[in-house]
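Undergrad:
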Amino acid sequence: MGSYKTARLLLHKVRSTLAHHPLFRLEGDVEVDETYIGGHRPGRLGRGVGKTGVAIAVERREKTAGSLRPLQIPNATRVVLNSFVENSIRPEKTTVFTDAWGSYNALTHLGIDHRPRKGGHSSASSCAASFVASRFPTGCSWRRERHRQSSAYP
Numbered sequence: 000m001g002s003y004k005t006a007r008l009l010l011h012k013v014r015s016t017l018a019h020h021p022l023f024r025l026e027g028d029v030e031v032d033e034t035y036i037g038g039h040r041p042g043r044l045g046r047g048v049g050k051t052g053v054a055i056a057v058e059r060r061e062k063t064a065g066s067l068r069p070l071q072i073p074n075a076t077r078v079v080l081n082s083f084v085e086n087s088i089r090p091e092k093t094t095v096f097t098d099a100w101g102s103y104n105a106l107t108h109l110g111i112d113h114r115p116r117k118g119g120h121s122s123a124s125s126c127a128a129s130f131v132a133s134r135f136p137t138g139c140s141w142r143r144e145r146h147r148q149s150s151a152y153p
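Just so you know, we're using numbering that gives the first Met the number 0 here: the sequence shown kicks off at 0 and counts up by one.
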């Protein structure tokens, strides 16, 4: 590799190829969550209004997070999220952990071992979400990282 820029480009190409490969699906314990990315827009109210929706599925490993599947989504409805989960995992070999968002309730009816985390955002429930959070930085840390990367390579 000639430079960091070349290595980063190669890594991006490998990840994008694996992410869209139809045979590469997550298995084992998989944490699934959705979020909206974008700043506050004055005069706009509601969950995700004017923001970009993102769903992510991450394999749980003993001490770290494993492979992941991110996807930009139009909204966090039952149809969109269930389709994302079905296309990201091997249902016969996977247990899916989610928050208590109602859109995930139909996963059980689709033959997927679904275990929703109940209880909101207490310290006990935040432990379960740490696998997604460890691979999907949000908020200020994400913006700082993007700024640092963009300023390093004009």
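Ideal placement from N, C-alpha and C gives every residue a C-beta, glycine not left out.
Suppose you measure from the CA of His-146 to the CA of Gly-37; what does that come to, to the nearest Å?
TA: Along the sequence shown, read from residue 1 onward, the residue named residue 146 stands at position 147. Along the sequence shown, read from residue 1 onward, the residue named residue 37 stands at position 38. Residue placement at His-146 is flagged as unreliable, the pLDDT there being 40, under the threshold of 50; a coordinate-derived value is accordingly withheld.
Undergrad: Check whether the region 67–76 and the region 90–97 are in contact - that is, three or more C-beta pairs closer than 8 Å.
TA: As far as the Cβ criterion goes, the region 67–76 does not touch the region 90–97, which means the pair count is below three.
Undergrad: Does the Cβ of Val-29 lie closer than 7 Å to at least one heavy atom of the ligand ADP?
TA: In the structure on display, the ligand ADP does not appear, and there are no ligands present to speak of.
Undergrad: Excluding sequence positions up to five away, which residues of its chain have a Cβ less than 7 Å from the Cβ of Ser-122?
TA: Taking the first residue of the sequence shown as position 1, residue 122 is located at position 123. Legend: pLDDT at Ser-122 = 42, less than 50; position of this residue unreliable, value from coordinates given subsequently. Result list for Ser-122: empty, nothing under 7 Å.
Undergrad: Give the list of continuous beta strand (DSSP E) stretches no shorter than 3 residues that lie fully inside the region 63–95.
TA: You should have 64–72.
Undergrad: With C-beta atoms as the reference, is Glu-85 less than 8 Å away from Val-57?
TA: Position 86 of the sequence shown holds residue 85. Position 58 of the sequence shown holds residue 57. No; because the gap between Cβ atoms is not below 8 Å, this pair is not in contact.
Undergrad: With 16 other CB atoms within 10 Å as the buried threshold, where does Ser-150 fall?
TA: Counting from one through the sequence shown, the residue named residue 150 turns up at place 151. Because the pLDDT of Ser-150 is 39, which lies under 50, any placement of that residue in the model is unreliable, and the question is left without a value.
Undergrad: Quick one: residues in its chain with C-beta nearer than 6 Å to the C-beta of Asp-28, no 5 flanking neighbours on either side, listed in chain order?
TA: Your numbering for residue 28 matches position 29 in the sequence shown. Cβ within range, chain order: Arg-59, Thr-94.
Undergrad: Return the first residue and the last residue of the beta strand (DSSP E) that Tyr-35 is part of.
TA: Residue mapping note: residue 35 aligns to position 36 of the sequence shown, counting from 1. 25–36 is the span of the beta strand (DSSP E), which, as asked, contains Tyr-35.
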